[in-house]
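Enquirer: The structure is given below, and queries will be raised subsequently.
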Amino acid sequence: MTANGETSGDLPAVPTEAAPIENVTFDEIVVGQSASIARQLTVMDVELFATVSGNIDPVHLDAKFAADSRFQKVIGHGMWSGALISGVLGTRLPGAGTVYAGQDLRFRRPVGLGDVITATVTVREKQADKNIVVFDCLCTNQDGEVVVTGAAEVVAPTRKVRRAAHALPQIQMIRHDKHDALLRKCDGLEPVATAVAHPCDESSLKGAVEAAEAGLIDPILIGPAAKIRALAAAHGLDIARYRLMDVEHSHAAAAAAVALARNGEAEAVMKGSLHTDELMAEVVRKETGLRTSRRISHVFVMNVPTYPRALLITDAAINIYPTLEDKVHIVQNAIDLAKVLGVETPRVAILSAVETLNPKIATTLEAAALCKMADRGQITGGILDGPLAFDNAISAEAARIKGIKSPVSGQADILLVPDLEAGNMLAKQLSFLANADAAGIVLGARVPVILTSRADNVRTRLASCAVAALVAVARRPALALNAVAAPLAAPLAAE
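The opening position of the sequence shown corresponds to residue 1 in the UniProt record's numbering, with each subsequent residue numbered one higher.
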């Protein structure tokens, strides 16, 4: 008997699309006849059962909680085993057309993750006047230990059925645990002093307060003080413990936030309710801004449920039509961020519409140049490949079918997009069509810049602050060694 569902006697295997279902009618059933199915309990089974049943007892879902429980481990719901019995009755014996009349179960021992449970039903008696069949029910684990006993009563079908099995939908679990893991990376870190420019609407002020309460930032709220206090009072936000800098309007708030970062009072800058261009104009200002020798660029950190690792998409918010020289800085910024996030050797897919060099498509030539620059040490710390179409970048199978041998295909950590429009559409498609969690940060300046949006949910705002905090902390040793600012970078294409 296997975890995929073996059977006893000469009955057909558990129905699949390739194996049609066939029931056993009341007249065909004999006392002592039995059937079984087996299944291994997985985390997905537990989560799906909790979702459908509404039973979210943490003993089934929280390993830390379960460790202090009676059984000292996560266990499956008792009725998950009961559902296997239902599966035997409804698909094997008697099968199609069976009507459940009653069930009595006794749970003898817990079922843990990884246990293989075999559910067996055996005919105890038949009641011809109502076509009722009573079954003894037994569930055992892979060691032969009894986990469930009981009895079931059904009304057996009288009409023979043989038909193709019904095709079931595919199930995709949409989790947010990758963003949770990102937040856990900040456990134990001191909150990062963050200049919040003009938090003068509910979303931006609440985002700053939530990040502070999560221990990610120590906000310096910059804007019209009376307006910020009134807004906090109106929405029940306690800002008494945070520094409040009174300035007249959003332009002054942006300038003040950048000045605090420039003089070392803030290790990060966070956008409030002012326009992105207004804040970034102060960040890139030649005399008083936060420029370094690097081109300033934006990175989306995307956690996509159907992809096994975080995807960094760059640049989808700052550089509109970056040149080859710009892309050197953009990809280096992303590689450095990936390392901060724990990727030892980031793999960079340089995207284009095709995976072959085409002189008529400039981005394919730029991709080849970037790869060669990496070979010559002009870009460091990562593995680059391109041009790659999107499918080849994220799917090793797609690359195999097309005969592409790549150290990046199917393992990409970073997607370098051709331009802002392509990147912005890609990031939003992943968010709205693939249920991806996103975080965003601006790099290449003296401090990380957090660009939040009014459409961002709490998870996105916190994750963006977590990324900024990790970057700020990682930069501290370098700042201690080099107190002199690096040369100014070229102006942004979007200026």
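Yeah, the Cβ is synthetic: ideal placement off N, Cα and C, and Gly gets one too.
Based on Cα-Cα distance, which residue from A369, A234 and E282 lies nearest to A253?
Expert: Here residue 253 refers to the residue found at position 253 of the sequence shown. When only C-alpha atoms are compared, the closest one is E282.
Enquirer: State the DSSP-derived secondary structure class of L433, mapped to helix, strand or coil.
Expert: Looking up residue 433 in the sequence shown gives position 433. DSSP places L433 in helix when its eight states are reduced to three.
Enquirer: For P305 and V340, what's the separation of their Cα atoms in angstroms?
Expert: The residue labelled residue 305 in the question sits at position 305 within the sequence shown. The residue labelled residue 340 in the question sits at position 340 within the sequence shown. For P305 and V340, the distance between alpha carbons rounds to 22 Å.
Enquirer: In terms of alpha-carbon separation, which member of A316, K402, V31 and L384 lies closest to V354?
Expert: Your numbering for residue 354 matches position 354 in the sequence shown. Comparing Cα-Cα distances from V354 to each of A316, K402, V31 and L384, the minimum goes to K402.
Enquirer: Taking just the CA atoms, how far does L89 sit from A212?
Expert: Sequence index remark: in the sequence shown, residue 212 carries index 212 (1-based). Sequence index remark: in the sequence shown, residue 89 carries index 89 (1-based). Each residue's Cα considered, the two are about 55 Å apart.
Enquirer: Given this structure, state the Cα-to-Cα distance separating E145 from P20, to the nearest angstrom.
Expert: Locating residue 145 in the sequence shown gives position 145, where the first residue counts as 1. Locating residue 20 in the sequence shown gives position 20, where the first residue counts as 1. Distance between the alpha carbons of E145 and P20: 32 Å.
Enquirer: Determine the burial state of L433: buried for a count of at least 16 other Cβ atoms within 10 Å of its Cβ, exposed for fewer.
Expert: Start at 1 with the first residue of the sequence shown, and residue 433 comes out as number 433. Exposed, since its Cβ has fewer than 16 Cβ neighbours within 10 Å.
Enquirer: Would you be able to state if there are at least three C-beta pairs under 8 Å between the stretch 122-137 and the stretch 183-196?
Expert: Output reads no: the stretch 122-137 does not touch the stretch 183-196.
Enquirer: Using a threshold of 7 Å, state whether the C-beta atoms of P322 and T363 are closer than that.
Expert: Counting from one through the sequence shown, the residue named residue 322 turns up at place 322. Counting from one through the sequence shown, the residue named residue 363 turns up at place 363. Their beta carbons are not under 7 Å apart, which means P322 does not touch T363 by this criterion.
Enquirer: By how many angstroms is the C-alpha of A257 removed from the C-alpha of P387?
Expert: Residue 387 sits at position 387 when you count from the first residue of the sequence shown. Residue 257 sits at position 257 when you count from the first residue of the sequence shown. Those two C-alpha atoms are separated by around 39 Å.
Enquirer: So, helix, strand or coil for I335, using DSSP?
Expert: Within the sequence shown, residue 335 is the residue found at index 335, counting from 1. Here I335 sits in helix by DSSP.
Enquirer: For T7, does the three-state DSSP call read helix, strand or coil?
Expert: In the sequence shown, residue 7 corresponds to position 7, counting from 1. Residue confidence for T7 is low, a pLDDT of 37 falling below 50, so the modelled location carries little weight; the figure read from the coordinates is stated next. It is coil, neither helix nor strand.
Enquirer: What residue does the alpha helix (DSSP H) around G78 start on, and which one ends it?
Expert: For the purposes of this step, residue 78 is identified with residue 78 of the sequence shown, where counting begins at 1. Element bounds for G78: G78 to T91.
Enquirer: Would you call the stretch 297-314 and the stretch 431-448 in contact, with 3 or more CB pairs under 8 Å?
Expert: They touch, by the three-pair rule.
Enquirer: Could you tell me the boundaries of the alpha helix (DSSP H) in which H60 lies?
Expert: Against the sequence shown, residue 60 aligns to sequence position 60. That run of the alpha helix (DSSP H) goes P58 to L61.
Enquirer: Using the Cβ count rule (16 or more neighbours within 10 Å means buried), how would you classify F26?
Expert: The residue given as residue 26 occupies position 26 in the sequence shown. F26 should be labelled buried.
Enquirer: Bridge partners of T345, per DSSP?
Expert: Position 345 of the sequence shown, counted from the start, is the residue given in the question as residue 345. Partner(s): none; T345 has no beta bridge.
Enquirer: Under 7 Å between C-beta atoms, does K372 make it to chain C?
Expert: Annotation note: the requested chain C is absent from the structure, which comprises a single protein chain.
Enquirer: Spatial neighbours of residue 507 within its chain, please: C-beta separation below 8 Å, excluding the five flanking residues on both sides.
Expert: Since the displayed the chain opens at 1 and closes at 495, residue 507 lies outside it and no answer follows.
Enquirer: With respect to the beta strand (DSSP E) encompassing L113, which residues constitute its N-terminal and C-terminal limits?
Expert: For the purposes of this step, residue 113 is taken as residue 113 along the sequence shown, with counting starting at 1. Counting along the chain, L113 falls outside any beta strand (DSSP E), and DSSP gives it neither H nor E.
Enquirer: Given a cut-off of 7 Å on the beta-carbon distance, is the pair V269 and A261 in contact?
Expert: In the sequence shown, counting from the first residue as 1, residue 269 sits at position 269. In the sequence shown, counting from the first residue as 1, residue 261 sits at position 261. In contact: V269 and A261 (Cβ atoms closer than 7 Å).
Enquirer: When you compare only the Cα positions, how much space is there between N457 and K206?
Expert: Indexing the sequence shown from 1 puts residue 457 at position 457. Indexing the sequence shown from 1 puts residue 206 at position 206. Roughly 11 Å separates the two Cα atoms.
Enquirer: Enumerate in chain order the residues of its own chain whose CB-to-CB distance from A334 is below 6 Å, with the five nearest sequence positions on each side excluded.
Expert: Translated into the one-based positions of the sequence shown, residue 334 becomes position 334. Within the same chain, A334 has close Cβ partners V299, L312, T314 and I414.
Enquirer: List in chain order: all unbroken alpha helix (DSSP H) runs of 4+ residues lying wholly within the stretch 246-290.
Expert: Segments of the alpha helix (DSSP H) lying fully in the stretch 246-290: 250-262 and 276-283.
Enquirer: Could you tell me the alpha carbon to alpha carbon distance between A469 and A338, rounded to whole angstroms?
Expert: On the sequence shown, position 469 is the one that residue 469 refers to. On the sequence shown, position 338 is the one that residue 338 refers to. Using only the alpha carbons, I get a separation of about 14 Å.
Enquirer: Cα-Cα, which of I117, T98, V99 and G342 is closest to F107?
Expert: The count along the sequence shown starts at 1 and reaches residue 107 at position 107. Comparing Cα-Cα distances from F107 to each of I117, T98, V99 and G342, the minimum goes to I117.
Enquirer: For S204, report the span of its alpha helix (DSSP H) as first-last.
Expert: Working through the sequence shown from its first residue, we reach residue 204 at position 204. Here the alpha helix (DSSP H) through S204 covers E202 to E213.
Enquirer: Taking only three categories from DSSP, how would you classify L183?
Expert: Mapped onto the sequence shown, residue 183 falls at position 183. Helix at L183.
Enquirer: When DSSP labels each residue in this structure, what does D375 get in the three-state scheme?
Expert: Mapped onto the sequence shown, residue 375 falls at position 375. Three-state DSSP puts D375 in a helix.
Enquirer: Since H298 sits in a beta bridge, which residues does DSSP pair it with?
Expert: By one-based count along the sequence shown, residue 298 stands at place 298. Its beta-bridge partners are V442.
Enquirer: Would you decide whether S36 is buried or exposed? Buried here means 16 or more other CB atoms lie within 10 Å of its CB.
Expert: By one-based count along the sequence shown, residue 36 stands at place 36. Answer is buried; the Cβ neighbour count reaches 16.
Enquirer: Does the beta-carbon of D143 have 16 or more other beta-carbons within 10 angstroms, so that it is buried, or is it exposed?
Expert: What you label residue 143 is simply residue 143 of the sequence shown in a count that begins at 1. Answer is exposed; the Cβ neighbour count stays below 16.
Enquirer: Flag this pair as yes or no: are the beta carbons of A101 and V155 separated by less than 7 Å?
Expert: To locate residue 101, count along the sequence shown from 1; it is residue 101. To locate residue 155, count along the sequence shown from 1; it is residue 155. Cβ atoms of A101 and V155: closer than 7 Å.
Enquirer: Spatial neighbours of A480 within its chain, please: CB distance less than 8 Å, with the 5 preceding and 5 following residues excluded, ordered by chain position.
Expert: What you label residue 480 is simply residue 480 of the sequence shown in a count that begins at 1. In this predicted model, A480 has a pLDDT of only 47, less than 50, meaning its place in the structure is not dependable enough to derive any value.
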